[in-house]
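Heads up: the sequence lines are chains A and B, in that order. Note that the first sequence ends on residue 205 in our numbering; no numbers are left out. Note that the second sequence ends on residue 1205 in our numbering; no numbers are left out. For each residue, glycine too, the CB sits at the ideal point set by N, CA and C. Keep in mind the model is a prediction, meaning the values are calculated, not measured. Have a look at the structure below, then the notes.
Number of protein chains: 2
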Amino acid sequence: MLRYKLYKTVYAGYNQIMSLLKQKILKVSTDLFQSRGINSTGVDTIVAVAGTTKMTLYKYFTSKEELVLAVLQQSHQEFQNWMNDKLNALSGKPDEKIQKLFEFIEEWVSSPYFTGVTFIKASAEFPNEENRIHQLSSQQSREFRQFISKLAHEAAIKDADGLALQLSILFEGAVQAEQIKRGSGAIKSAKKAAKTLIDLALKQS
Amino acid sequence: MLRYKLYKTVYAGYNQIMSLLKQKILKVSTDLFQSRGINSTGVDTIVAVAGTTKMTLYKYFTSKEELVLAVLQQSHQEFQNWMNDKLNALSGKPDEKIQKLFEFIEEWVSSPYFTGVTFIKASAEFPNEENRIHQLSSQQSREFRQFISKLAHEAAIKDADGLALQLSILFEGAVQAEQIKRGSGAIKSAKKAAKTLIDLALKQS
DNA sequence: CTAAAAATATACTAACCTGTATAGTATCGG
DNA sequence: CCGATACTATACAGGTTAGTATATTTTTAG
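Structure follows, in structure tokens:
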């Protein structure tokens, strides 16, 4: 059987070699953390759903905290890669990327790649700023904001950081609202608000 | 000693009679849930900080779930009362209330009444839609959105519900961002974005 | 085929959790 | 002073949790 063969992951820029079981554990954990919460998901549940045992899990991850950090990192990486691919496929004017950002976010939320925004949930469950999980969440939130700021700069927007903060707030709020009530139309609403804010910022630049 | 005397709570519209200890338990729970998370705060910790015992806690609240629900309700009620008082003190034009909404939100966040937005945290920790805590969080989020919609209606805004959804996303996103990183300036940024969105909505009405 | 490596099965520890049982103390109204 | 009520103190039951120890089976590589 090929069950334990190693292979490369499909996501661009993520060509680390990772065993199938490790990937399965990560995927199952991502799903369970999203649907039940991190603290409410025990490692026993994870290994049961992943079809393996705790011994194997603790071989790949030295602790549950380490597993949570790995889930956060993979989830963030996948989103960044997906979004970069989408934006790099654009060829138009310098402001096209930021104009299309929320359209891609909407597409991503309805795509099979979407498993929630892990850093939002994680920061809520681990509010202590000295906690490593909180720190990583905070860092990822900041990275995403800087990513938007870069797009704003490329679009020659004067207050790029200011717009980026506004748009990241819209993003986090929309995801939050969707998690409170699915199908609330929050993403569509945020997309519209983003267009208003971007148009004004462009006009002022 | 007056320790066991009953008295009325100070918040307008909340003149239920509640023992001092019950109030203390509620307040301590609110603070601990906010700073450590709900699932990570045990009843033993709550009674220790409140200076009482589990027997007393379970006399006032039949379960931890009931306590969490009570915390959510009180927290939401206090915010609504505080905000209503602020808005009712205004006497100006019909669009003054919605114009000043985010200014009051900013003021409230820095006031001693602020203990975080409980329904945002609770919905993240209890994502299951059949969970009573999640349901109450969802209801409170909806109530706040309807509250904004009412203000938009009074300001004669055509798409009042649409604007209300946008503003509630800004609100939840800003609070979320502040919880991820304190002092991020998210509230100020959301206030500015809200002004842009409100101005456009007024112009279109 | 063989030896190493990978994964499983199972039982266990030690800590923590919610909720209860039991008994004793303090404070109140009358 | 007395009975009722509010509260405390303490121990414990029953469950779940993260993580480990030990032994066995499966798979891989050479």
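Beta-carbon proximity check, A:Lys195 vs A:Glu106, cutoff 8 Å | no
In terms of residues, what are the limits of the alpha helix (DSSP H) holding B:Asp1031?
-> 1020 to 1036
Taking 8 Å as the CB-CB limit, is A:Asn39 close to chain B?
-> yes
Is A:Glu177 helix, strand or coil when you go by DSSP?
-> Checking the sequence, you will find Ala at residue 177 of chain A rather than Glu. Of the three classes helix, strand and coil, the one that applies to A:Ala177 here is helix, per DSSP.
Starting from the Cα of B:Ala1124, find the closest Cα among B:Asn1088, B:Met1018, B:Gly1162, B:Phe1033 and give me that residue.
-> B:Phe1033
Let me know the secondary structure DSSP gives B:Arg1182 once reduced to three states.
-> coil
Please look up how many angstroms separate the CB atoms of A:Ile180 and B:Ser1137, rounded, as I've assumed it's under 8 Å.
-> 6 Å
Contact with chain B by A:Gly185, beta-carbon distance below 8 Å | yes
Less than 8 Å between the CB atoms is what I'm expecting for B:Ala1177 and A:Ile133, so what's the real figure, rounded?
-> With a Cβ gap of about 17 Å, B:Ala1177 and A:Ile133 do not count as contacting.
Please decide whether A:Ser35 counts as near chain B, where near means a Cβ-Cβ distance under 8 Å.
-> yes
Taking Cβ positions only, does B:Ala1193 come closer than 8 Å to chain A?
-> yes
DSSP on B:Phe1061, reduced to helix/strand/coil?
-> coil
Would you list, in chain order, the members of the stretch 98 to 122 of chain A that have their beta-carbon closer than 7 Å to a beta-carbon of chain B?
-> Ile120, Lys121
Count the other C-beta atoms from every protein chain shown that fall within 10 angstroms of the C-beta of A:Asn84, then say buried if there are 16 or more, exposed otherwise.
-> exposed
Run down chain B in chain order and give the residues with a C-beta less than 7 Å from the C-beta of A:Glu172.
-> Gly1173, Gln1176, Ala1177
Kindly list, in the order they appear in chain A, the residues whose Cβ is closer than 8 Å to that of B:Ala1048.
-> In chain order: nothing, as chain A lies at least about 18 Å away.
Using a Cβ-Cβ distance under 8 Å, would A:Phe126 count as near chain B?
-> yes
Would B:Ala1255 pass as a contact of B:Ile1038 if the rule is Cβ separation under 8 Å?
-> Look at the range of chain B in this structure, 1001 to 1205, and you will see that residue 1255 of chain B is not part of it.
Compare the C-beta of B:Ala1155 against all C-beta atoms of chain A and say whether one is closer than 8 Å.
-> no
Quick one, which of B:Leu1197, B:Leu1202, B:Ser1091, B:Leu1026 has its alpha-carbon nearest B:Leu1069's?
-> B:Leu1026
Leaving out five residues before and five after A:Ile157 in sequence, what residues of the same chain have Cβ atoms less than 7 Å from its Cβ?
-> Leu163, Ala201, Leu202, Ser205
Name, going along the chain, the residues of the stretch 1142 to 1169 of chain B whose beta-carbon falls closer than 8 Å to a beta-carbon of chain A.
-> Arg1142, Gly1162, Leu1165, Gln1166, Ser1168, Ile1169
For A:Ser228, does the count of other Cβ atoms within 10 angstroms reach 16, so buried, or fall short, so exposed?
-> Residue 228 of chain A falls outside the range modelled here, since chain A spans only 1 to 205, and no answer is possible.
Using a Cβ-Cβ cut-off of 8 Å, state whether B:Leu1057 counts as contacting chain A.
-> no
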